[in-house]
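Asks: Numbering (the working numbering), first residue to last: 612 to 723.
Let me give you the structure first, and then I'll get to my questions.
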Ligand SMILES: [Zn+2]
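Here is the structure:
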């Protein structure tokens, strides 16, 4: 967020809230982002080429728009969860536990 936009917001608007699926809404300062979510480790790593292994380890999406990410509630329950966030507006649209289907979570009120 740029400085001019941040200065125009009130204090309550400037604080980003993130909803931990276990603890509920908390200040952004309690969380750490762990990068892109839903990256599956290859089953047969010995069969991978160096380029394929490098892609798995280092190559990540960098979309302009909706992005699914892993977050750690570092200053709370210390559990990992997933969130869907718009990378342009910073607005979170979904919070869900690992293993949950994010599209099903939205139907069940998983949106915060
Ligand atoms: Zn938590």
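A virtual CB, placed ideally from N, CA and C, is assigned to each residue, including glycine.
What number of angstroms, rounded off, separates the C-alpha of residue 691 from the C-alpha of residue 630?
Replies: Near 12 Å, if we compare the C-alpha coordinates of residue 630 and residue 691.
Asks: Classify residue 718 as helix, strand or coil using the three-state DSSP reduction.
Replies: With a pLDDT of only 49 at residue 718, under the threshold of 50, the placement of this residue in the model should not be trusted; the figure read from the coordinates follows. In this structure, residue 718 counts as helix in the three-state DSSP scheme.
Asks: Give me the pocket residues for ligand 1, defined as CB within less than 6 Å of any heavy atom, sorted by chain position.
Replies: Residues with a Cβ closer than 6 Å to any heavy atom of ligand 1, in chain order: 631, 633, 634, 684, 687, 688, 690.
Asks: Counting only the same chain and skipping the five closest in sequence on each side, list residues whose C-beta sits under 8 Å from that of residue 675.
Replies: Within the same chain, residue 675 has close Cβ partners 698, 699.
Asks: Whose C-alpha, out of 663, 660, 673, 661, is nearest the C-alpha of residue 696?
Replies: The residue with the shortest Cα to Cα distance from residue 696 is 673.
Asks: Output the boundary residues of the beta strand (DSSP E) element that contains residue 638.
Replies: Counting along the chain, the beta strand (DSSP E) containing residue 638 begins and ends at 635-638.
Asks: Inspect the beta-carbon positions of residue 607 and residue 645 and report whether they are closer than 8 Å.
Replies: As displayed, the chain neither begins before 612 nor continues past 723, which places residue 607 out of reach and without an answer.
Asks: Output the distance between the C-alpha atoms of residue 719 and residue 632, rounded to the nearest integer angstrom.
Replies: Unreliable positioning characterises residue 719 in this predicted model, as indicated by a pLDDT of 45, which lies under 50. A coordinate reading is not provided.
Asks: If you follow the beta strand (DSSP E) that residue 657 is in, where does it begin and where does it stop?
Replies: Segment: none, residue 657 is in no beta strand (DSSP E) and carries neither H nor E.
Asks: Is DSSP giving residue 687 helix, strand or coil here?
Replies: In the structure shown, residue 687 sits in coil (DSSP, three-state: anything other than H, G, I, E or B).
Asks: Where residue 634 and residue 688 are concerned, what is the direct C-alpha to C-alpha distance, given to the nearest angstrom?
Replies: Looking at the two C-alpha atoms, the distance is approximately 7 Å.
Asks: From residue 721 to residue 656, what distance separates their C-alpha atoms?
Replies: No answer about residue 721 holds up, because its pLDDT of 45 lies below 50 and its placement is not dependable.
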